[in-house]
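Below is one structure, written out as structure tokens; the observations come after it.
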Amino acid sequence: MPVVPLPARNDVCAPEFCADHILLQLTALADKHGPDGLEFRPAALNYLKDLIKTSRAEEEVRLTETGKGRDCAHRLSALQDHLITAIYEFASSIVYAASNPSTSERISLVAVGGYGRGALAPGSDIDLLLLLPYKQTAWGESVVEYVLYLLWDLGFKVGHATRSVDDCIRLVRTDTTIMTSVLEARFICGHRPLFDELQSRYGKDILARDQRQFVADKLEERDERHRRAGESRYLVEPDVKDGKGGMRDLHTMFWIAKFVYGTRSARELAKSGLFTRKEQNRFISCEDFLWAVRCHLHFMTGRGDDRLSFDKQSEMATRLGYEALGGLKSVERFMKHYFLVAKDVGDLTRIMSAVLEAQQIKQAPSMSELFGRFSWRSIKLDDDGVFKIEAGRIKSVDEDLFVTDPVSIMRLFRVAEHNNLSIHPATLRLVRRSRRAIDKQMRADPVANELFLDILTKSRDPEAVLRKMSEAGVLGRFIPEFGRITALMQFNMYHHYTVDEHLIRAVGVLSKIDQGLLTQDHPLASGIIQGVVSRRVLYVAVLLHDIAKGRKEDHSIAGAKVAKTLCPRLGLSKSETETVEWLVRHHLVMSETAQMRDLSDYKTITDFAEIVQSPERLRLLLVLTVVDIRAVGPGVWNGWKGQLLRTLYAETEPHLSGGHTSISRVDRIEAAKMALAGALSDWDADDVSAYLERHYDAYWYTVDLDHQVMDAKLLARAGETENPVAFDVRTDNFKSITEITVYVPDHPRLLALLTGACAAGGANIVGAKIFTTTDGMALDTLLIQREFEDPDDEHRRIDRILDLMRQAFAGKIQLRKAVAEASRPKGRIKAFTVEPQVIVSNDTSNRFTVVEVAGLDRLGLLFKLTDSLFRLNLNIASAQITTFGERAVDVFYVTDLIGQKITSKTRLQSIEESLLDVLESGTKQAVAKAG
Numbered sequence: 015m016p017v018v019p020l021p022a023r024n025d026v027c028a029p030e031f032c033a034d035h036i037l038l039q040l041t042a043l044a045d046k047h048g049p050d051g052l053e054f055r056p057a058a059l060n061y062l063k064d065l066i067k068t069s070r071a072e073e074e075v076r077l078t079e080t081g082k083g084r085d086c087a088h089r090l091s092a093l094q095d096h097l098i099t100a101i102y103e104f105a106s107s108i109v110y111a112a113s114n115p116s117t118s119e120r121i122s123l124v125a126v127g128g129y130g131r132g133a134l135a136p137g138s139d140i141d142l143l144l145l146l147p148y149k150q151t152a153w154g155e156s157v158v159e160y161v162l163y164l165l166w167d168l169g170f171k172v173g174h175a176t177r178s179v180d181d182c183i184r185l186v187r188t189d190t191t192i193m194t195s196v197l198e199a200r201f202i203c204g205h206r207p208l209f210d211e212l213q214s215r216y217g218k219d220i221l222a223r224d225q226r227q228f229v230a231d232k233l234e235e236r237d238e239r240h241r242r243a244g245e246s247r248y249l250v251e252p253d254v255k256d257g258k259g260g261m262r263d264l265h266t267m268f269w270i271a272k273f274v275y276g277t278r279s280a281r282e283l284a285k286s287g288l289f290t291r292k293e294q295n296r297f298i299s300c301e302d303f304l305w306a307v308r309c310h311l312h313f314m315t316g317r318g319d320d321r322l323s324f325d326k327q328s329e330m331a332t333r334l335g336y337e338a339l340g341g342l343k344s345v346e347r348f349m350k351h352y353f354l355v356a357k358d359v360g361d362l363t364r365i366m367s368a369v370l371e372a373q374q375i376k377q378a379p380s381m382s383e384l385f386g387r388f389s390w391r392s393i394k395l396d397d398d399g400v401f402k403i404e405a406g407r408i409k410s411v412d413e414d415l416f417v418t419d420p421v422s423i424m425r426l427f428r429v430a431e432h433n434n435l436s437i438h439p440a441t442l443r444l445v446r447r448s449r450r451a452i453d454k455q456m457r458a459d460p461v462a463n464e465l466f467l468d469i470l471t472k473s474r475d476p477e478a479v480l481r482k483m484s485e486a487g488v489l490g491r492f493i494p495e496f497g498r499i500t501a502l503m504q505f506n507m508y509h510h511y512t513v514d515e516h517l518i519r520a521v522g523v524l525s526k527i528d529q530g531l532l533t534q535d536h537p538l539a540s541g542i543i544q545g546v547v548s549r550r551v552l553y554v555a556v557l558l559h560d561i562a563k564g565r566k567e568d569h570s571i572a573g574a575k576v577a578k579t580l581c582p583r584l585g586l587s588k589s590e591t592e593t594v595e596w597l598v599r600h601h602l603v604m605s606e607t608a609q610m611r612d613l614s615d616y617k618t619i620t621d622f623a624e625i626v627q628s629p630e631r632l633r634l635l636l637v638l639t640v641v642d643i644r645a646v647g648p649g650v651w652n653g654w655k656g657q658l659l660r661t662l663y664a665e666t667e668p669h670l671s672g673g674h675t676s677i678s679r680v681d682r683i684e685a686a687k688m689a690l691a692g693a694l695s696d697w698d699a700d701d702v703s704a705y706l707e708r709h710y711d712a713y714w715y716t717v718d719l720d721h722q723v724m725d726a727k728l729l730a731r732a733g734e735t736e737n738p739v740a741f742d743v744r745t746d747n748f749k750s751i752t753e754i755t756v757y758v759p760d761h762p763r764l765l766a767l768l769t770g771a772c773a774a775g776g777a778n779i780v781g782a783k784i785f786t787t788t789d790g791m792a793l794d795t796l797l798i799q800r801e802f803e804d805p806d807d808e809h810r811r812i813d814r815i816l817d818l819m820r821q822a823f824a825g826k827i828q829l830r831k832a833v834a835e836a837s838r839p840k841g842r843i844k845a846f847t848v849e850p851q852v853i854v855s856n857d858t859s860n861r862f863t864v865v866e867v868a869g870l871d872r873l874g875l876l877f878k879l880t881d882s883l884f885r886l887n888l889n890i891a892s893a894q895i896t897t898f899g900e901r902a903v904d905v906f907y908v909t910d911l912i913g914q915k916i917t918s919k920t921r922l923q924s925i926e927e928s929l930l931d932v933l934e935s936g937t938k939q940a941v942a943k944a945g
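Residues in the sequence shown are numbered from 15 upward in steps of one, following our numbering.
Have a look at this one:
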């Protein structure tokens, strides 16, 4: 069969990957087997699959060596072009050869969407438009089916549409998505005049339509995509394609440039006037980096996965050549670069908006949106008259203002916030260009520092202002230490945001508490914040508490040093500076004490009070702790943590106020009993009185009323039956947590039995509350990670776990064997390592030996720890079970079997060695299974 040479293509493919060569090979196979022979298709598929595998392997090596993401994407697109061209030519000229084709027997194969841009990642969809003259024919249908089925058999995800030119134009007029797809149409092969006709009609009938509407549609589409993917561009597991600051944001800018200005490539953006040459180069640099990351992601996973999850980040850092430096791991350096690129993408988007508004292509926000509650005529912007209102936003009068008077940069944000105004995009662009004017002299200016402190402490929404300042590069220049942690992520599963985003969000939570907007969630913090001596101390401490992350030195110690230098510059007094310094140094101590220590142990309270030393510090630290936890991420804060913090506060306050407090410990316990009695008003008075005596003091001040009511009902139900075991289950959709409360006769091995049953059932425990009643029963609540969104599925899972618990209590199951079979590394946790640590102390408690264990969280860890303690003949009096992402920290208060502390050095060493063995062996197994 003769092979007609195909038109030359303007790309860079090796000869064996070119359409002519592929067509030649397919033709040879057809000559050997016959195009309709049973052996032809398997042989053709094997050849093409090998070709694709070889070409992609070469591209992966080239990408790793050069790091050029755009080049990789363009080459992959070119390879796809050659493959489709060869398959189409084989189908149309050999398999379904038409000796005398009619005018209707013409097809144009057109790349649209992302493929139309001539850039593909390995797992990208192949979007094809099969363009017909005016109707489908039997010949055309056969050719189209042959091409599509062969591409599907090769494993490609092909999105396709078969339409005439008239169909395309009609649909484009009614569907913005199709309009955008065809906007990037690119001819691949077939009948070129059809494609030219589509291009001509599109330009004449579509591009001439209202440009404002297209821009508005694309920006609205972008905003909706951000809502789906996560509003913040600083989520630590970003979506490289659809996330904020990702590739799709670059695409949106290019679509607008192409639709409005006819821009054909990124290298023409400056010609359109949309960007300067420098901004155009930044666009190309961002695109190159994001393409490299996305292509590597697809190569790594073997599929079109665009989520840069934890388990992929370390390998990505290695592939891109990042190395550890200073206090940063290689993966943290890579992710910082990623978030800086995302920030640049956001900057470019705002620059584009400014240009479009200046040219009256993008609709500016309406005056009613901007001024809402007050008349704009009453606004006095500033005394010097350097700002004005234009298009409903604040704008500088002089383009050189920020260079000649850098303090005006700070004044701009203060005036905008004070008057509830947005800043004009053109003025923000000037701010970015003038950032270098924020130098040592400007940072030392008293007026600039006073303005900044006003923004931080007197704004209605300081979070929004600080984020705007950060995005404009102002915050990082004004506070260089903040610049160091801008876009810095912490490689762990606990923190959901980058460090700078966490600090800004923390200030936002503080402001809401200060304004009384979170009274229901944080009643104690909302009350005591009104009585703090210096609000400035609190706001500055919140902004600075993690300012020294990413250094070799402990961030609390290094952060205190930053505060000591920075606070006087901001205008804080010596005493205020000392307090901020102390708060930053100790900002974790209240959280750790509340979650990792037995609050019913008197020494816990006295040790904590010795650190805090004053009622004012206690108040400030409580509020700082609350906002810190709240700003970590969704679902991290819960009512249990709130109750623990309130208990620690109430227990410590009398120690710091000389015993003078509004309510004593005894009174608080009595108040808790009275509150429960009121909630059980339908009970018989004698039953209520008897029940109130069944709990020890620790129960009353560490369990909230809601759970007390649930426990009371559980014990009442248990009393009505002869069954010694009773359960209560509650699921929390928002926190993805399921609570299992167990009422059962107490036993030295009880905690091991409970945790073992959970592990055998595949449930990961993230927290536990353990109590013993005065009549020798145990009342334990386990918090496990929810597995199913559907409540019915989750309850079926819980039923299996409860059944395993019953079997464990009855001795009908070999827990160690069952846990060993069920244990496996969890998905994302495989990416992390945690140095095992065991601390055994007799100084932490007067009555108990305290065993603190820290290691990599995994299924079955808690069972193995508690089982090991049981085999060491230790009695667990209480336990604090906490997880911080991938890091498990479990603290056990133990005695020997006669209730005494462990004092023998040999035995203490044996405890440490046994628990270390559990941690280290589990880590090795997890690594082996992950490998």
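Built from N, CA and C at the ideal position, the CB exists for glycine as well.
Terminal residues of the alpha helix (DSSP H) in which residue i lies
i	result
PRO721	Reading off the sequence, residue 721 comes out as His, not Pro. Counting along the chain, the alpha helix (DSSP H) containing HIS721 begins and ends at 719-733.
ASP95	83-104
PHE268	261-275
ILE815	805-823
Buried versus exposed call for residue i [16 or more other C-beta atoms within 10 Å across all chains shown]
i	result
ILE571	exposed
ALA338	exposed
MET819	buried
ALA33	buried
ASN60	exposed
TYR713	buried
ARG333	buried
THR735	exposed
Among the options, the one whose alpha carbon lies nearest that of residue i
i	options	result
ALA574	HIS600, ARG583, ARG550	HIS600
ALA868	ASN856, ASP881, ALA902	ALA902
VAL49	ILE108, ASP325, ASP95	A small correction: the amino acid at residue 49 is Pro; Val does not occupy that position in the sequence shown. It is ILE108 whose Cα lies nearest to the Cα of PRO49.
LEU690	ASP718, TYR710, SER671, ARG278	ASP718
GLY83	ASP568, GLN94, GLU103, ARG308	ARG308
VAL355	HIS312, ALA331, ARG296	ARG296
ILE202	THR190, MET483, GLU103, GLU606	GLU103
TYR145	GLY173, VAL196, PHE209	Here the sequence assigns Leu to residue 145, which means Tyr is not the residue at that position. Taking only the C-alpha atoms, the option nearest LEU145 is PHE209.
Beta-carbon spacing of residue i, residue j below 8 Å
i	j	result
GLU485	ARG519	no
ILE798	THR752	yes
GLU119	ALA111	no
PHE273	LEU221	yes
ARG550	LEU524	no
ASP881	ALA766	yes
ALA693	VAL723	yes
LYS617	LEU502	no
Beta-bridge partners of residue i, as assigned by DSSP
i	result
PRO759	MET791
GLY781	LEU797
PHE201	VAL124
THR745	THR752
ALA868	GLN851, VAL903
ALA740	TYR757
ASP253	ARG321
ILE140	VAL172
Beta strand (DSSP E) segment containing residue i, residue limits
i	result
ALA893	889-898
THR909	901-909
HIS174	172-178
ARG407	407-410
is_contact[residue i, chain C] using C-beta, thresh 8 Å
i	result
TRP654	Structure shown: chain C not included; a single protein chain is present.
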